Amino acid sequence: MSAGPSRTARQIAEGVRSGQLPARAVVDEALAAIAAGDGQVRSFVSVQADVAREQAEAVDRAVSTGADPGPLAGVPVALKDNLCTRGIPTTCGSRILEGWRPPYDATVVTRLREAGAVLVGKTNMDEFAMGSSTESSCFGPTRNPRDATKVPGGSSGGSAAAVAAGFVPLALGSDTGGSIRQPAALCGVVGMKPTYGLVSRYGLVAFASSLDQIGPFSSTVEDAALLFGVIAGHDPADSTSLPQPVDDVVAGLRAGVAGLRVGLCRELVDDVAPDVAARVHQAAAILGAGGAVVEEVSVPELRLGLSAYYLIAPAEASSNLARYDGVRYGLRVDAPDVAAMNTATRTAGFGDEVKRRIMLGTYALSAGYYDAYYGQAQRARTLVVRGFARAYERFDVLVGSTTPTTAFALGEKVDDPLAMYMSDVCTIPSNLAGHPAISVPFGTGTDGLPVGVQVLAPALGEAVLFRVAAALEAAAPASGAR
Amino acid sequence: MTGPEAAGAGAPRPAGASAGGAQRPPLRREDVAHVADLARLALSEEELERFTVQLASVLDHAADVAALDLRDVEPTAHPLPVCNVLRADVPRPPLDRDEALAGAPEVEDHCFRVPRIVGEAP
């Protein structure tokens, strides 16, 4: 089950583009692996086998006629189920959207199709991306392919598990407070959150709009860089999309870390489990041995991140999720008047975690509490931004842990929301600042489960981020049952 | 910063002094019932009890942020220095009307149909 993909995305694309590997055979292999193994993992909520085979055949036809099939020709890709796919159900793991078929594709979906990628299915997630374990999905939990008694992390747990189980070499997720990096760490794969604004959010169902960003999952750093290169770039359909060109992150991947200034961030290592912290120190030592100048640094403002995030993200969510009112799409529970219909629909359609966040956000924004909670959180966000700015005067990148622990048990934290929220403590600061960050598999904890080392960079620092990640990957101890 | 103000039925009780070092009152069941009503959610007695405890623990954790004196710090609403983005006003084919309505629970004469909004039921 945890065999890992037989080929990387780069190898598949090279094989398909050269005409030596039929895309149809690649997708058949992926579909067979899903059929055989996903009954236990439950990483997919829907698989579009026919659509995928048609796409693969179109790629093979392009190759045979000499047309350029694109940089990801024939590569099977899984999509988190909050990315809109025209005519294909997009549920966000919520009953309130069950059966809804979007009338348009997200920009990332269009870009993947244009790049020749083959979209095989939609992956499980915490409801509306609110959660850190994929247990709040209306479809039930996904299991960690490394250990079926553990969670895969979340909220993009299905995408992380689909890559970790070897079903697909690439997947997309979304990261609002760590929802790509945390499941990547827990499943032993690469997961990356781009700079806010580099990847279009058009067609990403909104959770917290000032924090949400789409990013890649893969088995290798190079594959993550390839996928990032395909999805990044300006989109007029997203007013928060950055207009400048995107750096080539693949070309400099093997340039090494000699001379780079690396800050070992104490706030991202001091409070994590000792076996996880030991791996982060080992990673820092490897970068030092590679010629980087590694120093410890303290950024105390990062400790405000968790509290600020769990006021800001619910506040934005409470506004964004007001649209689920039983009028235009999704579930409707009938009632005699509109207000009663709205309430009946939302009460039946949302799960507990979404209700908690909506209420928390409504409270933080309500009269009498706005300044004390939401206003204070926005000011604390400024402090986090300033803390990073001070650190990046001295360092090119920061390193720390991605998560406080390795994968925890299914059910362990479902009744204690605050304990669940704590698993995002190391990933949240980058979202508040809009900065890029990546989780790289780096050995295991004492329990034999994967550990993720996190690399953080300032805004638009993707090239150096991927470079450091590649150096870590090259020297990393094995991260599990590969 | 403005002081606390009442907000309709089940109004939150005054939040003490405005932001910055003030002691926040504990979250009450009435507060949760009030925000649930604002957010169009109906809660059972059991849910009200459970959510009050759970939300209070999150707000307790946020006391570190609520207690800071940040009067001189500008709020950050958004991570980018991008504002007032405009695109060229170029006509293009819109989303097809029937397709836009296809996901609606109830449609009549190319419009979204909803239950009665005002007045008595017929």
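Chains A and B, in that order, give the protein sequences.
The opening position of the first sequence corresponds to residue 0 in numbering that gives the first Met the number 0, with each subsequent residue numbered one higher.
The opening position of the second sequence corresponds to residue 0 in numbering that gives the first Met the number 0, with each subsequent residue numbered one higher.
Ideal placement from N, C-alpha and C gives every residue a C-beta, glycine not left out.
Quantities reported herein were computed from a predicted structural model and do not represent experimental measurements.
| Check | Outcome |
| --- | --- |
| Among A:A282, A:L301, A:L303 and A:P299, whose alpha-carbon lies nearest the alpha-carbon of V293 (chain A)? | A:A282 |
| Just to confirm, are T405 (chain A) and V454 (chain A) a CB contact at a threshold of 9 Å? | no |
| Which ranges would you report for the beta strand (DSSP E) in the region 404–455 of chain A if only whole runs of at least 3 residues count? | 436–443 and 449–455 |
| So what does C110 (chain B) bridge to, in DSSP terms? | B:E107 |
| Excluding the 5 residues flanking V44 (chain A) on each side, which residues of the same chain have their C-beta closer than 6 Å to its C-beta? | D80, K121, N123 and F138 |
| As a quick exercise: from A:P182, A:V398 and A:A347, pick the residue whose alpha carbon is nearest that of R142 (chain A). | A:P182 |
| Against chain A, which members of the region 53–68 of chain B pass a CB distance test of less than 9 Å? | Q53, L54, S56, V57, L58, D59, H60, A61, A62, D63, V64, A65, A66 and L67 |
| Cβ atoms of T346 (chain A) and G176 (chain A): under 9 Å apart, would you say? | no |
| Distance cutoff 9 Å, beta carbons only. Does D351 (chain A) sit that close to anything in chain B? | yes |
| Classify C264 (chain A): buried if its beta carbon has 16 or more other beta carbons within 10 angstroms, exposed otherwise. | buried |
| Quick one: Cα of F387 (chain A) to Cα of R327 (chain A), how far? | 42 Å |
| Do you know offhand how far A224 (chain A)'s Cα is from P151 (chain A)'s? | 23 Å |
| Taking C-alpha atoms, which residue in B:E73, B:E48, B:V34 and B:L47 lies nearest to G374 (chain A)? | B:E73 |
| Here's the rule: buried if 16 or more other CB atoms are within 10 angstroms of the residue's CB, otherwise exposed. What is Q377 (chain A)? | buried |
| Tell me the DSSP bridge mates of D336 (chain A)? | B:R115 |
| Can you list the residues of chain B that L382 (chain A) reaches, using a CB-CB cut of under 7 Å? | V72 |
| Relative to the C-alpha of P25 (chain B), which candidate in A:A456, A:T148, A:Y368 and A:P21 has its C-alpha closest? | A:Y368 |
| What are the residues in the region 34–49 of chain B lying within 9 Å of chain A by C-beta distance? | V34, A35, D36, L37, A38, R39, L40, A41, L42, E46 and R49 |
| Using DSSP with H/G/I as helix, E/B as strand and the rest coil, what is A21 (chain B)? | For A21 (chain B), the predicted model reports a pLDDT of 47, less than 50, meaning its position is unreliable; a value from the coordinates is still stated below. Reduced to three states, the DSSP call for A21 (chain B) is coil. |
| Give the straight-line distance between the Cα atoms of P476 (chain A) and P428 (chain A), rounded to the nearest whole angstrom. | 27 Å |
| Considering only heavy atoms of the ligand NAD, does any lie closer than 8 Å to the CB of F227 (chain A)? | Ligands are entirely absent from the displayed structure, and the ligand NAD is therefore not among its contents. |
| For R327 (chain A), which of helix, strand or coil comes out of DSSP? | coil |
| In the structure shown, what three-state DSSP assignment does R393 (chain A) receive? | helix |
| For the region 91–100 of chain B against the region 334–346 of chain A, do three or more pairs of beta-carbon atoms, one drawn from each stretch, fall closer than 8 Å, so that the two count as touching? | no |
| In chain E, which residues lie less than 7 Å from H77 (chain B) when you measure between Cβ atoms? | In the structure shown, chain E does not exist; the protein chains are A and B. |
| For the alpha helix (DSSP H) containing A473 (chain A), name the first residue and the last one. | E461 to A474 |
| Quick check on the burial criterion: 16 or more other C-beta atoms within 10 angstroms. Buried or exposed for H109 (chain B)? | exposed |
| Using a Cβ-Cβ cut-off of less than 8 Å, give me the residues of the region 88–112 of chain B that come near chain A, in sequence order. | L94, D95, E98, A99, A101, G102, A103, P104, E105 and F111 |
| Counting only the same chain and skipping the five closest in sequence on each side, list residues whose C-beta sits under 8 Å from that of S5 (chain A). | E28 and G165 |
| Shorter than 9 Å from the beta carbon of N319 (chain A) to some beta carbon of chain B? | no |
| A432 (chain A) CB to nearest chain B CB: under 9 Å? | yes |
| For F216 (chain A), report the span of its beta strand (DSSP E) as first-last. | I213 to S217 |
| Given this structure, state the Cα-to-Cα distance separating P3 (chain B) from Y372 (chain A), to the nearest angstrom. | A caution first: P3 (chain B) carries a pLDDT of 35, below 50, which makes its placement in the model too unreliable to give a value. |
| With DSSP as the reference, please indicate the residues paired to A170 (chain A) in a beta bridge. | A:A77 and A:F216 |
| Quick check: the region 183–203 of chain A against the region 286–305 of chain A, are there 3 or more CB pairs under 8 Å? | no |
| Here's the rule I'm using: 16 or more other beta-carbon atoms within 10 Å means buried, otherwise exposed. How should N83 (chain B) be labelled? | exposed |
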